[in-house]
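The block underneath contains the structure these notes are about, expressed in structure tokens.
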Amino acid sequence: MSVPAAQGRWGDLVARVLSGVVILLAGAALLLLPLPLAKIGIAAVVGGLIWELTRLAVPAPAPRLVAGIALAAAAAMAAALYLGSPAALLLLVPLAAGTAAARPGLRGPYAGMALAMMLAAFGVMWLRAMEGLPATLWVVAIVVLSDVLGYFVGRIVGGPKFWPAISPKKTWSGTAAGWIGAAALGLALVITGTAPASVIVIGPILAFAGQMGDIAESWIKRRVGVKDSSQLIPGHGGLMDRFDAMTGSLGLATLLSLAGLLPAIGG
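Residue 8 is where the sequence shown starts when you use my numbering, and the numbers rise one by one after that.
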């Protein structure tokens, strides 16, 4: 029996919503927990992300090697968060090990993606400490809003694909909806007097960075012939499948903050 069009289009909606709620609650906990506990959580997320990335990139199953690199990444991130920026040099150890173990054609992408994920993870704590919780929540909200609008508008409106060779499900309509949603969020902040007008422009740029993080992960998965980075999260695949967009947006937000260009949110 053929599956009705509507069921095929929305067949993963319930699983995505339930998993999305869990992820949102977990993300909020990482932002709202006391700093010592939040740092442990961020380090654990980095370990999971590097575990998935390394599993994708190594040419043959090597569970001990993959686990060792992931544990080293988690430990190095914890050291960086607790001891400060100089300890971040320890992240070069799992980065070098993973890059060396990756397939020749994936070594550059592996290094780039691993660095981006580490920057984004470090950036969460940086933004929370230097820009404040409202600014951090604004960046996270942009990613969530862009993802939700991209999913629904892309499925309802459809139209030309954004980058069919890499991500065949993403449409221009869904992509543009993410930009518009980020701009609308910025406009709401401006109207309520909690942010400068620059958020209307920078918001869509951060949304685009998140979409490029999604595209980068999709490119790696296509190179190795898998649909999901793992099966850790029902309806969503793995951690990378959920945090790829966060990687792009948080990474760019951190760089903007370091350059003094990130808008102040909430006064």
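Ideal Cβ placement from N, Cα and C applies to all residues, glycine included.
Where does residue i land, buried or exposed, given buried means 16+ other C-beta within 10 angstroms?
i      : result
Arg71  : exposed
Gly119 : exposed
Gln1   : Because the chain in this structure spans residues 8 to 274, residue 1 falls outside the shown range and cannot be described.
Ala216 : buried
Tyr89  : exposed
Ala67  : exposed
Ser225 : buried
Ile209 : buried
Lys176 : exposed
Thr199 : exposed
Ala123 : buried
Gly3   : What is shown of the chain runs 8 to 274, which leaves residue 3 out entirely.
Leu213 : buried
Ser92  : exposed
Ala142 : buried
Pro43  : exposed
Pro41  : exposed
Val21  : exposed
Give the DSSP-derived three-state secondary structure of residue i in the structure shown.
i      : result
Ile49  : helix
Pro270 : coil
Ser180 : helix
Ser264 : helix
Thr254 : helix
Val233 : coil
Ala107 : helix
Gly275 : No answer is possible for residue 275: the residues shown for the chain start at 8 and end at 274.
Val24  : helix
Leu40  : coil
Val65  : coil
Leu209 : Note on residue identity: the sequence assigns Ile, not Leu, to residue 209. The answer is helix: DSSP assigns Ile209 an H, G or I state.
Ile76  : helix
Pro203 : coil
Look up residue i in the DSSP assignment and give the residues it is bridged to.
i      : result
Lys228 : Note: Lys228 sits in no beta bridge, so no partner.
Gly244 : Ile240
Lys168 : Thr178
What does a CB cutoff of less than 8 Å around residue i pick up in its chain, not counting 5 residues either side in sequence?
i      : result
Thr261 : Leu126, Ala127, Phe129, Gly130, Trp133 and Leu134
Ala13  : The predicted model places Ala13 with a pLDDT of 43, which falls under 50 and marks its position as unreliable; any figure quoted below should be read in that light. Correct list: empty, nothing qualifies.
Leu156 : Gly181, Ala184, Gly185, Ile187 and Gly188
Gly244 : Lys234, Asp235, Ser236, Ser237 and Gln238
Lys46  : Ala85, Leu88, Tyr89 and Met132
Arg230 : Gly112, Leu113 and Pro116
With a CB to CB cut of under 6 Å and the five nearest residues on each side skipped, what residues in its chain are close to residue i?
i      : result
Leu98  : Ala83 and Met125
Leu102 : Ala121
Pro116 : Ile227
Ala95  : Ala87
Could you pull out every residue in the same chain whose Cβ sits closer than 7 Å to the Cβ of residue i, ignoring the five residues on either side in sequence?
i      : result
Ala81  : Ala50, Ala51, Val53 and Gly54
Met247 : Leu56, Glu59, Leu60, Glu224 and Ser236
Does the pairing of the stretch 246–254 with the stretch 217–236 give three or more beta-carbon distances under 8 Å? yes
Is it the case that the stretch 44–53 contacts the stretch 160–169, given that we only count it when at least three CB pairs across the two stretches are under 8 Å? no
Could you tell me whether the stretch 264–274 touches the stretch 133–153, using the rule of 3 or more Cβ pairs below 8 Å? yes
Does the stretch 179–198 come close enough to the stretch 146–154 to have 3 or more Cβ pairs within less than 8 Å? yes
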